[in-house]
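Below is one structure; the comments refer to it alone.
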Amino acid sequence: MSGELDFGGGPPVSEDDIQAAIDGRLAPDRRPLVESWLSAHPEAAARVGACRRQREALRAVLAPRVELPIPSRLRVAHIAASRRAALRLRFWRAAAAILLFAAGAAGGWTGRSLLSPFGDVGNAGPGTELTRDAIAAHRTYVVEMRHPVEVDATQEAHLVQWLSKRLGHQLKVPDLTALGYRLIGGRLLPGTPGGPAAQMMYQEEDGHRLTLYLRADADDHGTAFRYADSGGVAAFYWVDGGFGYAVSAAVDRRTLLRVAETVYRECEGKDLPDASR
Amino acid sequence: MSDVASLVEPHIPALRRYAWALLRDDHAADDLVQDCLERAVRRWHLRRRDGNVRAWLFAILHNQFVSGHRQRRRRGVAVPLDDATAAAALYATAGADDPELGVVCRDVLDGLAALSEEQRAVILLIAVEDLSYDEAARVLGVPIGTVMSRLSRGRDRLRSYVDGETDPRVRLRRVK
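Right, dumping it as C-alpha cells:
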C-alpha cells in the first residue's frame, strides 16, 4: 500500500484533483489520469460522487434565488442618484460654510439659502421639501429604461386604486394627451412621516418624460403655483386641500406651466389658483 | 455613470443569492447587497479597468459581510439563520421534479448553515457562483491553498452532516 496516491508511476492524485473532479474542473490532460485512479479507488470515488450530488443539490436549491425581481433600492440608477444628491448637498454645505465664514456673523444670514442643494428652491416655505423630493424622484426614475414604473398604464384602474389607498386620498390621473404626453404608469415612493408619496410618469412620442409627484402636505392654507429649477429639471408645485403636487420635467418654464395648469384643472376640477408667473 | 449600471446590474441577482445563502435572511441579505452596491458606485473609478467586475463585486460584498459580521457580533444581535418560509419554498421548487433531490436539498442547506462562515463562503463562491479557485482566493483575500483546504474540509463536513456521519473519510494529502 506504499503508493496509494500514485497511479502507474505518474504524478500522484492530490486532494486538489479530487476537488476539481467534484467541480468538473479537471484540466483535460489530467482528467483521464484522475478518472482511472478513481475507478481503482471506490471509496474515494464514492466520496467524489457524494460531494457532486451535494453540489448539484445546493445549486438546485439556490437557483430560484436569482430569478427574484430586484427591489428598486438595489437598482444602480437609484443608488447613483442618491449618491449624486448626497454629494451635491455636501458641496453646498461646504460652500455655505465658507461663505458664512467669509461674510462674518453680520452678513452670514444671507448665505442661509445656500444650505439648500437646490439654490432656486431655497426660499424656505411650504412645498420646498416636496419639490426637492419630487425632483430627486424624477431624476431617479426617468432614466430607467426597463423599470420606469411599478404598475404600468395598462392597469390604470388598479394603479389609481392602489395609490389612492396608500396615500389616503382619492387620486385622479390627469389626461395630458392633448399636450402630447401619454401616461406610462406610476409607483409608490417613501414620503414623509405623514405618509408615502406617489409618482406618475408620462412620456412624449420622442421618449421625453414628465413626472407628477403627489403626497399629503400639512399646509392646509394651500399655495399658489411656484416654480423651481434644479440642474436642468424644472418643477411647478402647489399645495391644495392638504395635498401637495409637483410636476417635473426637463423643459422650459412656459411649457411646464401649461402642463401644470392642465394637471391642476384635471385634479381639482376648478379654476387656477393665483399663479405666480 | 451608465457603464456602472450596465456592468454592475447583471451581477445583482448572483450577489443577492450569495448574500442570502450566507445570512439566510431576506432583509439582512438585501441590506448587505445595498451596502456593497453603494460602495461599488463610490469606488467605481478605482477598479482595475481590465479587471473582472464580478469578482470585484463579490470581494466588496464579502468584505462588507465580514465587517458587518464583526459588528453584529459586537452588538450581540442574533442573526436569523433560517427563514422557514423562504427555505420551504426553495425545497418545494428544487424537489418538484425529483423528490429525492428535494430531501438532499433540505439537508444540504441545513448542513451549509452548520459550517463555519469561511467554509460556507468558499463552497458558495465556487460551487454555486462558479468562481474559479483563483477568483475565490482573491475575493476572500487568502492564498489559493487556503481556498482549496477550506473547500475540502467544508465539503467533508457537509457530507458528514448530511449522511449523519461523524468519522471523516479518507482524505488525500494536498500536493503543492
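For the record, the sequence lines run as chains A and B. Taking this note's numbering, I'd label the letters of the first sequence as residues -6 to 270. Taking this note's numbering, I'd label the letters of the second sequence as residues 31 to 206. Ideal Cβ positions, reconstructed from N, Cα and C, are used throughout, including at glycine.
Let me see if you follow: with CB-CB separation under 8 Å, is residue i close to chain A or not?
i: P43 of chain B; result: yes
i: V34 of chain B; result: yes
i: L142 of chain B; result: yes
i: S182 of chain B; result: yes
i: E39 of chain B; result: yes
i: I90 of chain B; result: no
i: V138 of chain B; result: yes
i: A51 of chain B; result: yes
i: N169 of chain B; result: According to the sequence displayed, residue 169 of chain B carries Val and not Asn. Not an interface residue.
i: V172 of chain B; result: no
i: L188 of chain B; result: yes
i: R54 of chain B; result: no
Under a three-way DSSP split, which group does residue i fall into?
i: L161 of chain B; result: coil
i: P25 of chain A; result: helix
i: V256 of chain A; result: helix
i: Q163 of chain A; result: coil
i: V6 of chain A; result: coil
i: S146 of chain B; result: coil
i: Q179 of chain A; result: Before going on, a small fix: residue 179 of chain A reads as Gly here, not Gln. G179 of chain A falls in the strand class under three-state DSSP.
i: G237 of chain A; result: strand
i: P141 of chain A; result: coil
i: A227 of chain A; result: strand
Going by beta carbon distance, what residues of the same chain come within less than 7 Å of residue i, once the five residues before and after it are set aside?
i: L156 of chain A; result: L164, G179, L181 and A191
Quick one: does residue i have its CB under 8 Å from some CB of chain B?
i: L123 of chain A; result: no
i: L182 of chain A; result: no
i: I128 of chain A; result: no
i: E28 of chain A; result: no
i: V226 of chain A; result: no
i: R76 of chain A; result: yes
i: V69 of chain A; result: yes
i: C260 of chain A; result: no
i: Q333 of chain A; result: With chain A represented from -6 up to 270, any question about residue 333 of chain A goes unanswered, as that position is not in the structure.
Since I believe residue j is in contact with residue i (beta carbons under 8 Å), could you give me their beta-carbon distance rounded to a whole number of angstroms?
i: Y163 of chain B; j: I174 of chain B; result: 6 Å
i: V59 of chain A; j: C135 of chain B; result: Not really, about 16 Å apart at Cβ, beyond 8 Å.
i: V158 of chain B; j: L87 of chain B; result: Not a contact, Cβ separation roughly 15 Å.
i: L169 of chain A; j: T255 of chain A; result: 6 Å
i: R147 of chain B; j: R180 of chain B; result: Note on identity: in this sequence residue 147 of chain B is Glu, with Arg being the wrong assignment. In fact, because the Cβ distance is near 10 Å, the residues do not count as touching under 8 Å.
Go through its chain and collect everything with a Cβ distance to residue i's Cβ below 8 Å, but skip five positions before and after it.
i: E137 of chain A; result: R68 and A70
i: Q94 of chain B; result: L62, D65, C66 and R69
i: V34 of chain B; result: A70, V71 and W74
i: A38 of chain A; result: L31 and S32
Of all Cβ atoms in chain D, is any one closer than 8 Å to the Cβ of residue i?
i: A166 of chain B; result: Of the chains in the structure shown, none is chain D; the protein chains are A and B.
Excluding the 5 residues preceding and the 5 following residue i in the sequence, name in chain order all residues of the same chain whose CB lies nearer than 6 Å to its CB.
i: A144 of chain B; result: Y191
i: L161 of chain B; result: L155
i: D10 of chain A; result: V27
field: Contact list for the segment 57 to 85 of chain B against chain A, Cβ threshold 8 Å
entry: D60, V63, Q64, L67, E68, V71 and R72
- prompt: If contact means a Cβ-Cβ distance below 9 Å, which residues of the segment 49 to 66 of chain A contact chain B?
  reply: E49, A50, L51, R52, A53, V54, L55, A56, P57, R58, V59, E60, L61, I63, P64 and R66
Cβ-based contacts, 9 Å cut-off: residues of the segment 142 to 157 of chain B near chain A: L142, I153, L154, I156 and A157
- request: Could you list the residues in the segment 5 to 20 of chain A with a C-beta less than 9 Å from some C-beta on chain B, going in chain order?
  value: Of all residues in the segment 5 to 20 of chain A, P5, V6, S7, E8, D9, D10, I11, Q12, A13, I15, D16 and R18 have a Cβ within less than 9 Å of some Cβ in chain B.
field: Interfacial residues, the segment 33 to 47 of chain A to chain B, with Cβ spacing under 7 Å
entry: Listed by position along the chain: E36, A37, R40, A43, C44, R46 and Q47.
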